[in-house]
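*Asks:*
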Amino acid sequence: MQLDARLRAIANFVPRGSRVADVGTDHGHLALTLVQEGTADFVIASDKNEGPLAAASHAVQSAGLAEQIALRQSNGLIRIAPMEVDTVCLAGMGGALMIEILSAAPATVKRLSTLVLQPQGAAMELRWWLYQNDWYIADEALVEADGRMYEIMQAKRGKKPTPNRILLEIGPMLWKKKPPLLRRHIEVLLLGKQRALAGMQKSETAQKSRKYAETKAYIEKLEAYRAW
């Protein structure tokens, strides 16, 4: 099955020989590819909605992979038992929702070795949560698909020092690897901060606030990273 650049990057971060939970599987494209390419030995493809799960079920049956791909209607990881899988993929949802899903199933998450995450927003908060909960960012990628840029993270179980706030926002491994899209990624982050600063500049009270000074200083730091 041909995956777009986003799903391909996610698939590339799944360790070979994994037992995977593809949460929010949609039509099951990722689950099918992981098994067909021999990356995963077994996949639980879950979704909270009946429609996508029915489409995934049809695709799995058509591919003759019902023994290797189990389909479950589930909200997050609630219906996945501890040690049933060792890798979880979460993609196409907000970082805050990912934190909520992972926090709601501590017994299952504790037994995982790898997380593959593609947050739609709140990436900094997600990275911070990972480091506070005995995970660290092992690898990251930036990809472009359908005119949008996506951040993909591979997190591994283990305790490492938490990166500074700027690196949590940029992505510590993105900064280390410096992929071609990195400068554009930093420019997008800068634009958001600059818009926030412009909004505060409309008020004299806001301009005297601590938040204004912090935002201005943060922009200067981001600009320094952009100019590497």
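Going by my numbering, the final residue of the sequence shown carries number 221, and the count climbs one at a time with no gaps. Think of the CB as a built atom: it goes at the ideal place given N, C-alpha and C, for glycine as much as any other residue. These numbers come from a predicted model, not from an experiment.
#1: Determine the burial state of Val181: buried for a count of at least 16 other Cβ atoms within 10 Å of its Cβ, exposed for fewer.
#2: Please name the residue in Gly192, Lys103, Ala47 and Lys214 whose C-alpha comes closest to that of Leu70.
#3: With a Cβ-Cβ cutoff of 8 Å, do Val7 and Val16 count as a contact?
#4: Output the distance between the C-alpha atoms of Ala63 and Glu137, rounded to the nearest integer angstrom.
#5: Could you check what DSSP says for Gln125 in three-state terms: helix, strand or coil?
#6: If you draw a straight line from the alpha carbon of Asn126 to that of Ala33, how long is it in whole angstroms?
#7: Answer with buried or exposed for Gly192, where buried requires no fewer than 16 other C-beta atoms within 10 angstroms of its C-beta.
#8: If you measure between the beta carbons of Tyr218 and Ile163, is that distance less than 8 Å?
#9: Taking C-alpha atoms, which residue in Thr26, Pro173, Arg158 and Ser67 lies nearest to Gly44?
#10: How is Pro173 classed by DSSP in three states: helix, strand or coil?
#11: Across the stretch -5 to 10 and the stretch 129 to 146, are there enough close Cβ pairs to call them in contact, namely three or more that are closer than 8 Å?
#12: Identify the residues that DSSP records as bridge partners of Leu46: which are they?
#13: Report the residue from Gly21, Ala199, Trp128 and Lys195 whose alpha carbon sits nearest the alpha carbon of Leu58.
#14: Among residues of its own chain, excluding the 5 on either side of Ala24, which ones have a beta-carbon nearer than 6 Å to its beta-carbon?
#15: Of all the options Gly31, Ile159, Thr80 and Gln194, which has the alpha carbon lying nearest to the alpha carbon of Ile179?
#16: Rounded C-beta distance between Leu119 and Leu110? I'm assuming under 8 Å.
#17: For Gly151, which residues of its own chain have a beta-carbon under 6 Å away from its beta-carbon, when the five flanking residues on both sides are left out?
#18: Just to confirm the assignment: which complete beta strand (DSSP E) runs, minimum length 3, are found wholly within the stretch 84 to 124?
#19: Note down, in chain order, each residue of its chain lying with its Cβ closer than 7 Å to the Cβ of Leu175, except the 5 sequence neighbours on either side.
#20: With distance defined between alpha-carbon atoms, name the residue in Pro165, Asn42 and Leu215 nearest to Gln187.
*Replies:* So, to answer that:
#1: So Val181 ends up on the exposed side.
#2: Closest option to Leu70, Cα to Cα, is Lys103.
#3: Cβ atoms of Val7 and Val16: not closer than 8 Å.
#4: Distance between the alpha carbons of Ala63 and Glu137: 30 Å.
#5: Gln125 sits in a helix when the DSSP states are folded into three classes.
#6: So the two alpha carbons sit approximately 26 Å from each other.
#7: Result: exposed.
#8: Their beta carbons are under 8 Å apart, which means Tyr218 touches Ile163 by this criterion.
#9: Answer by Cα proximity: Ser67.
#10: DSSP, read as helix, strand or coil, puts Pro173 in coil.
#11: Contact between the stretch -5 to 10 and the stretch 129 to 146 is present: 3 or more CB-CB pairs across the two stretches fall below 8 Å.
#12: For Leu46, which the question treats as bridged, DSSP gives no partner whatsoever.
#13: Proximity to Leu58 across Gly21, Ala199, Trp128 and Lys195 peaks at Gly21, based on C-alpha coordinates.
#14: If we look at Ala24 and ignore the five residues flanking it on each side, its Cβ neighbours are Asp15, Thr18, Val36, Ala38 and Ile62.
#15: For the residues Gly31, Ile159, Thr80 and Gln194, the minimum Cα distance to Ile179 belongs to Ile159.
#16: Between Leu110 and Leu119 the Cβ distance is about 7 Å, and since that is below 8 Å, they are a contact.
#17: Around Gly151: Tyr129.
#18: Taking only runs of at least 3 residues, the beta strand (DSSP E) segments lying wholly in the stretch 84 to 124 are 107 to 112.
#19: Annotation for Leu175: Leu135 and Leu167 place their beta carbon closer than 7 Å to its own, counting only its chain and skipping 5 residues before and after.
#20: Comparing alpha carbon positions, the residue from Pro165, Asn42 and Leu215 closest to Gln187 is Leu215.
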